[in-house]
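Q:
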Amino acid sequence: MNPNTPTSLPDDDDLQSLAGEYVLGTLSAAKRREVEARMAGEPALRDAVDGWEQRLHPLTALAEPVEPSPTLWARIERSVAPQTSAAADSVKRAATGVQTWWNNLNLWRGLAGTGFAAAAVLAAVLVVRIQTPVTPQYLVVLVAPQDKAPGWVVQTSGSSREQLSLIPLGTVAVPADKSLQFWTKADGWRGPVSLGLVQPGRALRVPIEKLPPLEPNQLFELTLEPANGSPLDRPTGPIQFIGRAVKVL
Amino acid sequence: MPAPDDFDYDAALAACAQGQSQALAQIYARESRYLLGVALRIVRQRQHAEDVLHDAFVAIWQRATTFDAARGAGRGWIYSVVRNTALNWVRNHARDVPVDEESGAALEDEMAVQHHASARDAGETRVDLGRLDGCLEQLEPGRRECIVLAYVDGCSHGEIAERTHTPLGTVKAWINRGMRALRDCMT
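Protein chains in written order, with this note's numbering: chain A, 1 to 249; chain B, 1001 to 1187.
Take a look at the structure:
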């Protein structure tokens, strides 16, 4: 054997080839898992992968930019928020699934059933179907500014499509001399419009033909107001839940 | 591309590792549209691409403690997390099994549009690929195309063979030799 021959070369070529195709993306799922598992214990493989990542990184500039939908950041933010309960974990798991978590009414109901909503955390999901030939469907997640936990579902049903229903998922503590008031405001509106007072633990029905058509990003909120509601044509008390409409169909 | 100017990606990742979610928000504000573009080219469907970006940002947040600036730039690390999430998604969802005729045609349409858009963009904006550009230029066009189809479009060997009307064995050999040439050129 010639001592001058670097015996590591063929191995190095194999390693570089494997690392290169891992970064390039041409390996099968099984091979990818194998490389990822080996990297932890094989610094040479990890170095080779790092090298290829740096070499090929400029090619990412060939992908044209695409604006994410406005709700994506909120979804990420919820998933990385400190997880303090099993219920919150289930929200996180659902959020990573193929079926988006906010479409899952059972999840919200399940959370209420676990007593999660009873811990004075409030939120609502509003699903609005406008029965036009195009049938756009909107949805709003109203979250408590601090806890971001679900407390209400609002939706229209097929039989009463002119109406929104705000459905409580749990009980809500409101001081005796206060009330909860439901508001909405689209981007182009001068000010918010009251959708009425909300009784804790009771559903609220709102006829939607009184409203202009719902718009993407339309703001919805519940504020704490005097017992008979805000004395003004706008909220005067603190926001208890807030969210924006998202067009889902 | 955003000018990789004043923003300190390494510091932002260090802040993420310390639990400062504001740093993650800054990375998102700065990079999300470029990262979604990268993910969309690979997974090809908007909803899946957004799911991938979601999962990747959760991974960035959770694995920020493992980021080591000595091993490479923070911005590159972020892109690698997104690409790997997208690649794992397409490989796990076995996109390269035969699709039925209708969805196959739809996919081809979509790919044709994207291909056109990317060709146009690459031609018009002439993005700066730096040293890699010169090395890619030196490759035979067939090898270059295979590498770009794999890296940018997330194509498997089989998909590249189909799209370039080249035998599978040839595609594998071209990629192998092309990658070796790139490494020699850039070392």
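All residues carry an ideal CB built from backbone N, CA and C; glycine is no exception.
With three or more beta-carbon pairs closer than 8 Å as the criterion, would you say the segment 1006-1014 of chain B touches the segment 212-220 of chain A?
A: Judged by Cβ distances under 8 Å, the segment 1006-1014 of chain B makes no contact with the segment 212-220 of chain A, as fewer than three pairs qualify.
Q: Taking the alpha helix (DSSP H) that B:Q1062 falls in, what are its first and last residues?
A: That run of the alpha helix (DSSP H) goes R1046 to R1063.
Q: Considering B:K1172, what are the terminal residues of the alpha helix (DSSP H) in which it resides?
A: From DSSP, the alpha helix (DSSP H) with B:K1172 extends over L1168 to M1186.
Q: With a cut-off of 8 Å, do at least 3 Cβ pairs link the segment 20-39 of chain A to the segment 68-82 of chain A?
A: At 8 Å Cβ cutoff, the stretches do not touch.
Q: Of all the CB atoms in chain A, is at least one closer than 7 Å to the CB of B:R1143?
A: No, B:R1143 does not count as interfacial toward chain A.
Q: At the 7 Å Cβ level, is A:Q304 part of the contact set with chain B, yes or no?
A: Nothing about residue 304 of chain A can be read from this structure; chain A reaches only from 1 to 249.
Q: In this structure, how does DSSP classify A:W183 when only helix, strand and coil are distinguished?
A: Strand.
Q: What do you reckon, are the CB atoms on B:V1082 and B:A1039 nearer than 7 Å?
A: Yes, the Cβ-Cβ distance between B:V1082 and B:A1039 is below 7 Å.
Q: Using the C-alpha atoms, what's the distance from A:A186 back to B:A1181?
A: Roughly 57 Å separates the two Cα atoms.
Q: Using 7 Å as the limit for Cβ to Cβ distance, is B:V1081 near chain A?
A: No, its Cβ sits nowhere closer than 7 Å to a Cβ of chain A.
Q: Give every residue of the same chain whose Cβ lies closer than 7 Å to the Cβ of A:R234, excluding the five residues on either side of it in the sequence, and list them in chain order.
A: Excluding residues within five positions, the ones whose Cβ falls inside 7 Å are G191 and P192.
Q: Take B:Q1022 and list the residues in its own chain whose beta-carbon comes closer than 8 Å to its own, dropping the five residues that flank it on each side.
A: Cβ neighbours of B:Q1022 beyond the five flanking positions: A1015.
Q: Any Cβ of chain A within less than 7 Å of the Cβ of B:L1129?
A: Output row for B:L1129: interface = yes.
Q: For A:S179, which residues from the same chain have a beta carbon less than 8 Å from its beta carbon, with the 5 sequence-adjacent residues on both sides left out?
A: Closer than 8 Å at Cβ, skipping near neighbours: L197, V198, L224, E225, P226, A227, N228 and G229.
Q: Three-state secondary structure (DSSP) at A:T96?
A: In this prediction, A:T96 has a pLDDT of 46, which is less than 50 and means its spatial position is unreliable; nothing more can be read from the coordinates.
Q: Can you tell me whether DSSP reads A:T135 as helix, strand or coil?
A: Only weak support is given to the placement of A:T135: the predicted model assigns it a pLDDT of 38, under 50, and the value that follows is read from those uncertain coordinates. Note: A:T135 maps to coil in three-state DSSP.
Q: For B:F1067, which residues from the same chain have a beta carbon less than 6 Å from its beta carbon, with the 5 sequence-adjacent residues on both sides left out?
A: Counting only Cβ-Cβ distances below 6 Å, and skipping sequence neighbours, we find L1013 and W1077.
Q: Throw me the rounded Cβ distance for the A:V143 and A:I242 pair, which I believe falls under 8 Å.
A: That belief holds up - the Cβ atoms of A:V143 and A:I242 are roughly 7 Å apart, short of 8 Å.
Q: What residue range does the alpha helix (DSSP H) around B:P1141 cover?
A: Segment P1141 to D1153, the alpha helix (DSSP H) holding B:P1141.
Q: Can you tell which of A:V172, A:P212 and A:S79 has the C-alpha that lies nearest to the C-alpha of A:P200?
A: The shortest C-alpha separation from A:P200 is found at A:V172.
Q: Please report the straight-line C-alpha distance between B:G1154 and B:L1053, rounded to a whole angstrom.
A: Rounded to whole angstroms, B:G1154 to B:L1053 spans 15 Å at the Cα level.
Q: Let me check one thing: in DSSP terms, what residues is A:L197 bridge-paired to?
A: DSSP, once it has assigned bridges, lists A:Q181 as partnering A:L197.
Q: Would you decide whether A:E67 is buried or exposed? Buried here means 16 or more other CB atoms lie within 10 Å of its CB.
A: Exposed is the call here.
Q: Mind checking who A:F241 pairs with in its DSSP beta bridge?
A: A:F241 is bridged to A:L222.
Q: Suppose the cutoff is 6 Å on Cβ atoms and the five residues either side in sequence are ignored; what does the same chain contact list for B:V1152 look like?
A: Contacts found: R1041.
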